[in-house]
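Colleague: So that we are looking at the same thing, I have put the structure below in structure tokens.
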Amino acid sequence: MTTPSAGRPQQAGARHHGQWALGHRDPLNPNERFKKAEDPLLIRRRVEEIYARQGFASIPPDDLRGRLRWWGLYTQRRQGIDGGRTAVLAPEELDDEYFMLRVRVDGGQLDLTQLRTIADLSTRYGRDTADITDRQNIQLHWVRIEDVPEIWRRLEAVGLSTTEACGDCPRVIVGSPVAGVSQDEVVDATPAVREIVDRFVGDPELSNLPRKFKTTVGWLPDGPYETNDLAFLGAVHPVHGPGFDVRVGGGLSTAPRLAERLGVWVPLDEVPEVWLAVVRLFREHGYRRLRNRARLKFLVADWGVERFRQVLEEEFLGRPLREGPAPALPPVPLDHIGVHHQKDGRHYVGVAPLAGRVSGTCLAALADIAELHGSQRIRLTPYQKLLVLDVADPEPLVRDLRDVGLEAEPSSWRRSTMACTGIEYCKLAIVETKGRAAQLVHELEKRLPETKAEITVNLNGCPNACARTQVADIGLKGQLVAGPGGHQVEGFQVHLGGGLALAGNGSPGFGRKLRGLKTTAEELPGYVETLTRRYLAGRADVT
Ligand code: SF4
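If you count by full-length UniProt numbering, then the sequence shown holds residues 1 to 543, one letter each, in order.
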């Protein structure tokens, strides 16, 4: 492993990138400064002993808007600030005294005790808010700093945490929601997910990365593996058998890139070792000067995968990796909605909350219903959906879930619409998203009730693309647009045809961003309706 050295001289020409591997340890931007000044993981005691006792006003700016993220806490947007002021107000003017708290659910796997704990924390401390994110986390809102130590204590008592749920560190490890139960799975990757989390989440050696680091590990391609920094996807080697193909350098936001194959095959027990090597490479060589060029994808783009693999093998693994085949990919993404057979003869049932929005009350009801029908296991999906596993007789369960708004036979619109947090709570947002998504789904269910085509619609409140603008069939990027009277109103720029379903060629691609293609938020249902009717008119095989 390359050891960063504070004493090494800066090399000419390297200043632009600021990699630790080249000897740069001088902070190159404000985020690098607060990370170097103190490891964000160390502030936990300060939260418990000072901030929780003395209140919001006692939190200094570097902790408030910086280090607290390593513990899953973001200040939420002050209510009533419109999107037009997002870019012009100072950060402190946008801050509310309440927090969003992100609970990491690695692999999306929850037992009922964990689910009930989150549900109770939501109703007790989060005004009954709970959103399932598109990375299998659960986010609560309206959390007070005074309540955070008790929330941590309760989460950790049941094996959950908010450690490194946000920040420049290894984020939640996304896994297949049907790991261990799917009939199509050859290897359950859960042991690798668990080992990575148990050994490395909260490790101070990995808590100062250039930027966030997103991983997915799963046999099935049923998550956004192509938009992760690092992805392990099931592949069968002709000699060595089942293992994992490795991709690096995916990411959306500005300058979107799909992860590229390294061309290697890794057995299950080597996944954590290879994961660690890639993270260390990123820590050492990743760019630290400009925040918007700091994700791993920029290094991969500059180096190319051949050089990336060579440095990985020579400097960080100390051995070559085996050549490997490409994984088999399905023609359309797998979202697991509906009733499905498990490999043990029981069933799993996938239900679709509206754009990931649930509540503590809803999650508590889900736990009771699951238990009543013999299940002890729940899974979250990276499409903001929920699965109940291990059900012997699914039909009564489906009926009971419907009664609490969790639909196993949703309209194609409810099934295929996602939304990021948006202006309700997010300080970067320009437009509202969750409410718009609900309104859009209800309108389209009325206007196009028979539609069977799964047209994915992803609503995003700003260019950051947290709900994956560029890989939806209809990707919506929030911005202000000209309204009827020439006034600026909430609206969206439209990216078309990014998902697998419309591409139809089995390979993912980015939606085309068409400059003139914009809609006001008000006109969005009509816009999507027109687009869909035109699309369906060109395809006789679906309605
Ligand atoms: Fe916030 Fe923008 Fe991400 Fe939406 S896409 S959650 S508005 S940063």
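Quick reminder that beta carbons are idealized off the backbone N, C-alpha and C, glycines included.
This one's a predicted model, so the numbers in the text were calculated from it and none came from an experiment.
Specify, as a first and last residue, the run of the beta strand (DSSP E) that I369 falls within.
Modeller: As a working note, residue 369 is residue 369 in the sequence shown. Element bounds for I369: not the beta strand (DSSP E) but the alpha helix (DSSP H), 360-372.
Colleague: Using a Cβ-Cβ cut-off of 7 Å (strictly less than) and excluding sequence neighbours within five positions of S161, which residues of its own chain qualify?
Modeller: Here residue 161 refers to the residue found at position 161 when the sequence shown is read from its first residue. R104, L155.
Colleague: Using DSSP bridges, identify the partner residues of E407.
Modeller: For the purposes of this step, residue 407 is taken as the residue at position 407 of the sequence shown. For E407, which the question treats as bridged, DSSP gives the partners A352.
Colleague: Which residues bound the beta strand (DSSP E) around G175?
Modeller: As a first step, residue 175 must be located in the sequence shown, where it is residue number 175. 170-175 is the span of the beta strand (DSSP E), which, as asked, contains G175.
Colleague: Which partner residues does A231 have in the DSSP bridge list?
Modeller: As a first step, residue 231 must be located in the sequence shown, where it is residue number 231. BP columns for A231 point to T216, R247.
Colleague: Spatial neighbours of L502 within its chain, please: C-beta separation below 6 Å, excluding the five flanking residues on both sides.
Modeller: For the purposes of this step, residue 502 is identified with residue 502 of the sequence shown, where counting begins at 1. Confidence is the limiting factor: at L502 the pLDDT is only 35, short of 50, which leaves the residue's position unreliable, though a coordinate-based value still follows. Correct list, in chain order: D473.
Colleague: Going along the chain, which unbroken runs of the alpha helix (DSSP H) with 4 or more residues stay wholly within the UniProt domain "Nitrite/sulphite reductase 4Fe-4S" (415-536)?
Modeller: The UniProt domain "Nitrite/sulphite reductase 4Fe-4S" (415-536) contains these whole alpha helix (DSSP H) runs: 434-447, 500-503.
Colleague: Assess contact between the region 243-261 and the region 318-327, defined as three or more Cβ pairs (one per stretch) separated by less than 8 Å. Is contact present?
Modeller: Counting Cβ pairs under 8 Å, three or more are found: they touch.
Colleague: Here's the rule: buried if 16 or more other CB atoms are within 10 angstroms of the residue's CB, otherwise exposed. What is V431?
Modeller: Translated into positions along the sequence shown, residue 431 becomes position 431. Answer is buried; the Cβ neighbour count reaches 16.
Colleague: Go to E225, then tell me how far its alpha helix (DSSP H) extends in each direction, as first and last residue.
Modeller: The residue you call residue 225 lines up with position 225 of the sequence shown. The sequence shown places Tyr at residue 225, not Glu. Y225 -> no alpha helix (DSSP H), and no H or E assigned at all.
Colleague: Check the DSSP bridge columns for H340 and list the partner residues they point to.
Modeller: What you label residue 340 is simply residue 340 of the sequence shown in a count that begins at 1. In the DSSP output, where bridge partners are listed per residue, H340 has Y348.
Colleague: Cβ-heavy atom distance between P463 and the ligand SF4 below 8 Å?
Modeller: Within the sequence shown, residue 463 is the residue found at index 463, counting from 1. Flag set: Cβ of P463 near the ligand SF4.
Colleague: In the region 254-337, which residue ranges form an unbroken beta strand (DSSP E) of at least 3 residues, counting only runs that do not cross its ends?
Modeller: If we require 3 residues or more, the beta strand (DSSP E) runs fully inside the region 254-337 come out as 260-266.
Colleague: Which one of V388, C362, K434 has the shortest CA to CA distance from D403?
Modeller: Here residue 403 refers to the residue found at position 403 when the sequence shown is read from its first residue. Out of V388, C362, K434, C362 has the C-alpha closest to the C-alpha of D403.
Colleague: Unbroken alpha helix (DSSP H) runs of length 4 or more, entirely within the region 82-155: which are they?
Modeller: Whole alpha helix (DSSP H) segments, 4+ residues: 91-94, 112-125.
Colleague: My understanding is that A52 touches E146, with C-beta atoms under 8 Å, so please give their C-beta distance in whole angstroms.
Modeller: Locating residue 52 in the sequence shown gives position 52, where the first residue counts as 1. Locating residue 146 in the sequence shown gives position 146, where the first residue counts as 1. That pair is a contact at about 5 Å.
Colleague: Can you find the residues in the same chain that come closer than 7 Å, C-beta to C-beta, to S359, ignoring five residues on each side of it along the sequence?
Modeller: The count along the sequence shown starts at 1 and reaches residue 359 at position 359. If we look at S359 and ignore the five residues flanking it on each side, its Cβ neighbours are S122, D128, T129, A130.
Colleague: Which first and last residues belong to the alpha helix (DSSP H) in which V193 is found?
Modeller: By one-based count along the sequence shown, residue 193 stands at place 193. Segment 190-200, the alpha helix (DSSP H) holding V193.
Colleague: Could you please give me the residues that DSSP links to G241 through a beta bridge?
Modeller: Counted from its first residue, the sequence shown places residue 241 at position 241. For G241, which the question treats as bridged, DSSP gives the partners H237.
Colleague: According to DSSP, simplified to helix, strand and coil, what is S375?
Modeller: Residue 375 sits at position 375 when you count from the first residue of the sequence shown. In the structure shown, S375 sits in coil (DSSP, three-state: anything other than H, G, I, E or B).
Colleague: Can the beta-carbon of G194 be found less than 9 Å from the beta-carbon of R135?
Modeller: On the sequence shown, position 194 is the one that residue 194 refers to. On the sequence shown, position 135 is the one that residue 135 refers to. The residue you asked about is not Gly; residue 194 is Arg in the sequence shown. No, the Cβ-Cβ distance between R194 and R135 is not below 9 Å.
Colleague: By the three-class DSSP mapping on this structure, what secondary structure does Y383 have?
Modeller: Mapped onto the sequence shown, residue 383 falls at position 383. Coil, per DSSP.
Colleague: Specify the secondary structure class of A398 as computed by DSSP and reduced to three states.
Modeller: Locating residue 398 in the sequence shown gives position 398, where the first residue counts as 1. It should be pointed out that residue 398 corresponds to Val in this sequence rather than to Ala. Reduced to three states, the DSSP call for V398 is helix.
Colleague: Can you say whether V186 is buried or exposed, counting buried as having 16 or more other CB atoms within 10 angstroms of its CB?
Modeller: Taking the sequence shown and counting its residues from 1, the one referred to as residue 186 is at position 186. Counting Cβ neighbours within 10 Å, V186 comes out exposed, since fewer than 16 surround it.
Colleague: Out of D26, R85, E49, state which residue places its alpha-carbon closest to the alpha-carbon of I423.
Modeller: Within the sequence shown, residue 423 is the residue found at index 423, counting from 1. If we check each option's Cα against that of I423, R85 comes out closest.
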